[in-house]
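To start, the structure under review is shown below, and the notes come after it.
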């Protein structure tokens with residue numbers, strides 16, 4: 064969602080729907096492969112329909128992700 068920095072501009076906007084009504088059954092977390100030429104379109108679709116997605120082939124080393132996960136799980140007092 065994009066919000067204009069001037070609040071007066073928001074007075075002319077209608078309410079934004081944040082969820083799409085659906086009758087389909089949840090089929091799992093959408094997976095977006097950055098090697099796919101349609102990745103940008105798939106990211107937009109996943110955000111619009113689900114609000115989240117799993118990103119693969121992003122090039123971030125697994126070692127870094129593991130260190131990041133260790134940091135995230137540390138108690139706030141230790142951080």
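Residue numbers (the working numbering): 64 to 142. Every residue, glycine too, gets a C-beta built ideally from N, C-alpha and C.
Along the chain, where does the beta strand (DSSP E) that runs through residue i open and close?
| i | result |
| --- | --- |
| residue 119 | 117 to 119 |
According to the Cβ coordinates, are residue i and residue j closer than 8 Å?
| i | j | result |
| --- | --- | --- |
| residue 119 | residue 96 | yes |
| residue 94 | residue 117 | yes |
Who are the Cβ neighbours of residue i in its own chain at under 6 Å, not counting the five residues just before and after it?
| i | result |
| --- | --- |
| residue 101 | none |
| residue 113 | 93 |
| residue 105 | 95 |
| residue 111 | none |
| residue 129 | none |
Just reading off the alpha helix (DSSP H) that residue i is part of, what are its end residues?
| i | result |
| --- | --- |
| residue 107 | 102 to 112 |
| residue 92 | That residue, residue 92, is in no alpha helix (DSSP H); it is neither H nor E in DSSP. |
Closer than 8 Å by C-beta to residue i: which residues in its own chain qualify, once you throw out the five before and the five after it? Chain order, please.
| i | result |
| --- | --- |
| residue 134 | 142 |
For residue i, count neighbouring Cβ atoms within 10 angstroms of its own Cβ and tell me buried if that reaches 16, exposed if not.
| i | result |
| --- | --- |
| residue 68 | With a pLDDT of 46 at residue 68, under the threshold of 50, the modelled position of that residue is not reliable, and no figure is offered here. |
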